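Enquirer: Residue numbering for the sequence shown follows the numbering used here, starting at 1 and increasing by one per position. Please find one structure pasted underneath; my questions will follow.
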Amino acid sequence: DDENINKFRDCQKRNFLTTLFLSQGIPMLVAGDELSRTQQGNNNAYCQDNEISWLNWKKADQALLQFTQKLIQLRRQHPVFRRRTWFRGRPVKPDEIEDIAWFKFDGKHMQYEDWQHDYAKSFGVFINGRGMQARSSLGVRLTDDSFYIIFNAYQGCIDYKLPGEEYAKDWTLILDTSEDTIINEGDEGRIYQASEAITVHDNSILLLHHVIPKDEHTTVPMV
């Protein structure tokens, strides 16, 4: 019944769902997770034919369900979240930036030794829409918008410096798990400039979107 504990739990649910649907590969979601079904803490309920494993649609968490639906829609709209090839961590072409890059809170690249420090609980990852390394059935190079994801597993707010202009001149905040916020495609979100600082709440995830000009876009929709 503690309001702060319930708020933290709700944020963690959104964190887990966001991590799942923004990851590469096939999302594996157990029926009922999107409704906030807990199974009363039983993680081995496959043999329980009772209220532990049943779905109670009347008690569905509608806010979490809508959040999950928007995540699925976001994934379907952007093939950069469902690439056909593995990331390489280096430029596709010599004159381009890497297909994926990892950053510290100060806007600098993560180095090997940085992963061993406490602040590795918080990091940013750039996903390059121009670096998908895939082509359509007609041989046309596939591209998408670029995204910047900030994960903060630290128990406090952190001011994050966004990457420099070589990655994007501006970013639009479209998802904040601390506020149950996902901006629909085409709606206006807060815009941040390259190298600008953005506050990330404790135990939360932010997703920022950089739109690539339409004349550079070639995507394959999901069917």
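Built from N, CA and C at the ideal position, the CB exists for glycine as well. It should be emphasised that the depicted structure is a prediction, and the values quoted were computed from it without experimental measurement.
Does the separation of the CB atoms of Phe151 and Gly124 fall below 9 Å?
Expert: As a position in the sequence shown, residue 151 is number 151, starting the count at 1. As a position in the sequence shown, residue 124 is number 124, starting the count at 1. It is a contact, given that the beta carbons lie within the stated cut-off.
Enquirer: In three-state DSSP terms, what is Phe105?
Expert: The sequence position of residue 105 within the sequence shown is 105, counting from 1. Correct three-state label for Phe105: coil.
Enquirer: Using only CA atoms, which one of Val211, Gly129 and Ser178 lies nearest to Thr199?
Expert: Walking along the sequence shown from the start, residue 199 turns up at place 199. Selected option, being the one with the closest Cα: Ser178.
Enquirer: Could you pull out every residue in the same chain whose Cβ sits closer than 6 Å to the Cβ of Ile212, ignoring the five residues on either side in sequence?
Expert: Locating residue 212 in the sequence shown gives position 212, where the first residue counts as 1. Same-chain partners within the cutoff: Gly129 and Asp145.
Enquirer: Grouping DSSP H, G and I as helix and E and B as strand, with all else coil, what is Ser5?
Expert: Walking along the sequence shown from the start, residue 5 turns up at place 5. Here the sequence assigns Ile to residue 5, which means Ser is not the residue at that position. Helix.
Enquirer: The alpha helix (DSSP H) spanning Phe67 covers which residue range?
Expert: Position 67 of the sequence shown, counted from the first residue, corresponds to residue 67. It spans Gln62 to Gln77 - the alpha helix (DSSP H) in which Phe67 sits, taken as one unbroken run.
Enquirer: Could you check the C-alpha separation between Tyr148 and Gln40 for me, to the nearest Å?
Expert: Working through the sequence shown from its first residue, we reach residue 148 at position 148. Working through the sequence shown from its first residue, we reach residue 40 at position 40. Rounded to whole angstroms, Tyr148 to Gln40 spans 35 Å at the Cα level.
Enquirer: Can you check DSSP and say which residues form a bridge with Leu173?
Expert: What you label residue 173 is simply residue 173 of the sequence shown in a count that begins at 1. Beta-bridge pairing links Leu173 to Leu208.
Enquirer: Going straight from the alpha carbon of Ala234 to that of Asp114, what length do you get?
Expert: Outside the displayed range of the chain (1 to 223) lies residue 234, so it cannot be described from this structure.
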